[in-house]
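Residue numbers (my numbering), protein chains in the order written: chain A, 236 to 550; chain B, 1037 to 1466. From the three backbone atoms N, C-alpha and C, an ideal C-beta is built for every residue, glycine too. Predicted model only: the values in this text are computed from it and were never measured. Written below as structure tokens is the structure these notes are about.
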């Protein structure tokens, strides 16, 4: 039991930090531009596929740098030539543009790399068990993922809180017009922020690709959870996104690891009653429920606190 | 959004001889629905018409949310799917209990299924509008789609629930075995739902929905609660989506978890938006086009979803009013009699634009079939995906087509400006 708790906590924090790599970019983009980037998870997927391809050509370490840069460049192009032109039609049109983009990116990826999972391996340098707890070998690559996420987190914090650029970004979060009046090129700030956000998503993809599955439906699988994270944390709140990422990462990891059901806790139901909704619920294990846990959390938070954990804005 | 025109333009078109024309359009639609299967009587076209009919009801129900109330939902298929399951269970129950309910009433139960879920979940969902609502609808959609795989006794797991539509009591001697009879059943419900949904846009509720979409704050000032209005719109949309789902269940004699999924939700959003949300007939056009493309393209290419994505992105970026919006833009010009000044520039633009489109298609197909090997057949010319000739042709068509087409598009814009100025002078354009 203790083994399960320690390993699941580690995995949960890791998944949470990965989610935060994605949700931080999404949140900053949303608060600045009012655009919820539906294609954010697609940038994550692009990162994984670029990472796979570049690893094949030039090795993992250059890919770790190049793939996010490429994804960031694509993000900037999307902002400059897509979103900026659509801005005049309103936020719904912008959201729909990114929705169409997510759809198109998934199709393009499955067209080029196929629909089956890719053989994206952990680099040989990191392919060893880092330590052994209670007979479980914990892979070094996962520690590396955790380290990268934490480094990015700290770097983001420093840039946002301690530098002039961060000051402008923070100001533009709440008062974009005032920042524009002060003579900053808000359009360029938006483009750079969008690019950096996409690059972070791409980085998450590169490092998550070997550990999770690299497949053309990975964006569609992660996307909804990502949106749950930022609605749960409160739209536009970075601390909220951080807490929500960790909560959802931990909850989902623990749910997957637990095998109990109501039947195992309270004994099986009377079999003469026949199959019904009750028997379905009674016999389902927590691991089977794991995929819907984030959405249940979403419904609960909406009933209890509609603006999210740390949210301040109504919309 | 450009949806403000919905009601005003329709209102203005009404008086005097307008009512004759208004009923004429509806009657014409009904006559077309009756005559269509007599002209195209093959099994394939009957199936297509049935699917298009279902898609129209579904898209119109979606437009109650998107066009009328301004709620962007990514999970509308939930009501469609639950309606389908409700209809399936109802049909099986009718057969096993021997209730005297004939098949044509079944879609109503589908509607009730969709409505019931909308009433339960809607109050929480419609608390917020805009982006938050969109995200919540996405989450709820995923929740229901995943839950449907867990609650096997209700949803039948992966395989779904099957039913037999011919086992129900007959009505007027119709067994609804042949596809033709199912088509007329769908056409009947299509007309009924379309009339009901159009009527809804004319009620005070429909009007206040438009107000909530355009300015929720002012709606509060005049004493309405936008939350309640959104809730009602959500329930109506759920009801009609449920009817569409019920029709689908009758048509396919099965309901499975794919009915509820994100792909179905995405398709209805595509149909509605491509057709145009600002006009009542927009989603109808969109549903016809998207269903037709879906049926036609799946045989031709593996990348058909990519074409949808590209068409959708193009519409969002360049014509957010959709096809209906594009068509209705011409109305003041026709009235002012200045349309003929624009037409020539359209003809000039056709060639390079078609060349550009061909280039894009050739590029996509080249990438899609690069490893496959079967040649691309375009206008009778066979292109091999691996040959540099194909790549060069595609590149020339795309780059050349784009630059020439851009010049001709500018010409259209200039001609359009001139025509619009004249129309404005003559008082036909606000």
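Runs of alpha helix (DSSP H) with 4 or more residues, each lying fully within the stretch 1310-1352 of chain B, are found at 1318-1336, listed in chain order. Within the stretch 281-332 of chain A, the runs of alpha helix (DSSP H) at least 4 residues long that lie entirely inside it are, in chain order, 295-312. Burial is judged here by how many other beta carbons sit within 10 angstroms of a residue's own beta carbon; residue 1341 of chain B has at least 16 and is buried. Of the other Cβ atoms in all chains shown, 16 or more fall within 10 Å of the Cβ of residue 246 of chain A; this residue is therefore buried. The stretch 1147-1156 of chain B makes no contact with the stretch 1211-1224 of chain B, as fewer than three CB pairs between them are under 8 Å. By the Cβ neighbour-count rule, residue 390 of chain A is exposed, with fewer than 16 other Cβ atoms within 10 Å of its own.
Between residue 1319 of chain B and residue 1308 of chain B a beta carbon distance of about 5 Å is seen, short of the 8 Å cut, so the two are scored as contacting. Cβ-Cβ separation between residue 537 of chain A and residue 1160 of chain B: approximately 5 Å, consistent with a contact (criterion under 8 Å).
Using a CB distance cut-off of 8 Å, residue 526 of chain A counts as an interface residue toward chain B. Around the beta carbon of residue 359 of chain A, a 10 Å sphere encloses fewer than 16 other beta carbons of the protein chains shown; the residue is thus reported as exposed.
Residues of chain A with a Cβ closer than 7 Å to the Cβ of residue 1293 of chain B do not exist; the shortest Cβ-Cβ separation is about 13 Å.
Using beta-carbon distances, residue 432 of chain A does not count as an interface residue toward chain B, since no partner is under 8 Å.
Contact annotation: residue 1226 of chain B and residue 1089 of chain B have beta-carbon atoms nearer than 8 Å. Listed along the chain, the chain B residues whose CB falls inside 7 Å of the CB of residue 515 of chain A are 1186, 1187, 1188 and 1189. By the neighbour-count criterion, in which a residue is buried when 16 or more other Cβ atoms sit within 10 angstroms of its Cβ, residue 528 of chain A is buried. In this structure, the alpha-carbon of residue 433 of chain A lies about 18 Å from that of residue 400 of chain A. What residue 1356 of chain B touches in chain A, judged by beta-carbon distance under 7 Å, is 324 and 328, going in chain order. Proximity of chain B to residue 263 of chain A at the Cβ level (cut-off 7 Å) is not reached, the minimal Cβ distance being about 15 Å.
For residue 1108 of chain B, the chain A residues whose Cβ falls inside 7 Å of its Cβ are 327 and 330, in order along the chain. DSSP lists A:366 as the bridge partner or partners of residue 373 of chain A.
Rounded to the nearest whole angstrom, the C-alpha separation of residue 1357 of chain B and residue 1426 of chain B is 36 Å. Annotation for residue 1253 of chain B: the continuous alpha helix (DSSP H) segment containing it runs 1252-1257. In the three-state reduction of the DSSP assignment, residue 1427 of chain B falls in the helix class. Those residues of the stretch 404-431 of chain A placed with their C-beta closer than 7 Å to a C-beta in chain B do not exist. For the 8 Å CB-CB criterion, residue 328 of chain A and residue 1304 of chain B do not form a contact.
The C-alpha of residue 1103 of chain B is placed about 21 Å away from the C-alpha of residue 1366 of chain B. Nearest neighbour of residue 465 of chain A by Cα position, chosen from A:262, A:243 and A:315, turns out to be A:262. Along the stretch 355-371 of chain A, none of the residues has a CB nearer than 8 Å to a CB of chain B. In this structure, residue 257 of chain A and residue 387 of chain A do not form a Cβ contact; the two beta carbons are roughly 11 Å apart against a cut-off of 8 Å. Pairwise C-beta distances place the stretch 1068-1088 of chain B out of contact with the stretch 1102-1122 of chain B, as fewer than three of them are shorter than 8 Å. Apart from sequence neighbours up to five positions away, the residues of its chain that approach residue 1213 of chain B with a beta-carbon distance below 7 Å are 1202, ordered along the chain.
Measuring C-alpha to C-alpha distances from residue 437 of chain A to each of A:392, A:286 and A:369 identifies A:286 as the nearest. Taking a C-beta distance under 8 Å as the contact criterion, residue 1158 of chain B and residue 1270 of chain B qualify as a contact pair.
Taking 8 Å as the upper bound on Cβ-Cβ separation, chain A lies near residues 1338, 1339, 1341, 1342, 1344, 1345, 1346, 1348, 1349, 1352, 1353 and 1356 of the stretch 1336-1368 of chain B. Taking the Cβ atoms as the reference, residue 461 of chain A lies roughly 7 Å from residue 254 of chain A, within the contact range of under 8 Å. Of all C-beta pairs linking the stretch 1366-1384 of chain B to the stretch 1444-1463 of chain B, three or more are shorter than 8 Å, placing the two stretches in contact.
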